[in-house]
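*Asks:* The following block contains the structure, expressed as structure tokens.
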Amino acid sequence: MTTKSGAITKVIKAFDTFREAYDQYVQTVDTALPSDVEDDALRERIASLVIGSGDVGLYLRDYGYTVDSLRSLAGQ
């Protein structure tokens, strides 16, 4: 493996790990408070942790395209 392909592989792996961790975070926060618990204030505070992370979702979407282009470079 060349230095360039090794770097590409590391970046792709790190991005994929970050995306998976973020997806897990969102899932955990979304489901943390059971629906039968009636505490609107707490529910809103928990929800804000996901709602306020929209920039992370945009980052993952936008730079996902860059990582996809790196994947094609790694295959060459």
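Position 17, counted from 1, in the sequence shown is what my numbering calls 9; the numbers after and before it change by one each time, with no gaps.
Ideal Cβ positions, reconstructed from N, Cα and C, are used throughout, including at glycine.
1. Using a Cβ-Cβ cutoff of less than 7 Å, which residues in the same chain neighbour residue 22 once the five nearest sequence positions on both sides are dropped?
2. Going along the chain, which unbroken runs of the beta strand (DSSP E) with 3 or more residues stay wholly within the stretch 5 to 68?
3. May I have the straight-line CA-CA distance separating residue 26 from residue 67, to the nearest angstrom?
4. Could you check whether residue 7 and residue 59 sit closer than 8 Å to each other, using their CB atoms as the reference points?
5. What does a CB cutoff of less than 8 Å around residue 24 pick up in its chain, not counting 5 residues either side in sequence?
*Replies:* If we stick to the structure as given:
1. The residue labelled residue 22 in the question sits at position 30 within the sequence shown. Once the five neighbours on either side are set aside, the close Cβ partners of residue 22 are 42.
2. none
3. Walking along the sequence shown from the start, residue 26 turns up at place 34. Walking along the sequence shown from the start, residue 67 turns up at place 75. Roughly 45 Å between the two C-alpha positions.
4. Against the sequence shown, residue 59 aligns to sequence position 67. Against the sequence shown, residue 7 aligns to sequence position 15. Yes, the Cβ-Cβ distance between residue 59 and residue 7 is below 8 Å.
5. The residue labelled residue 24 in the question sits at position 32 within the sequence shown. Same-chain partners within the cutoff: 38.
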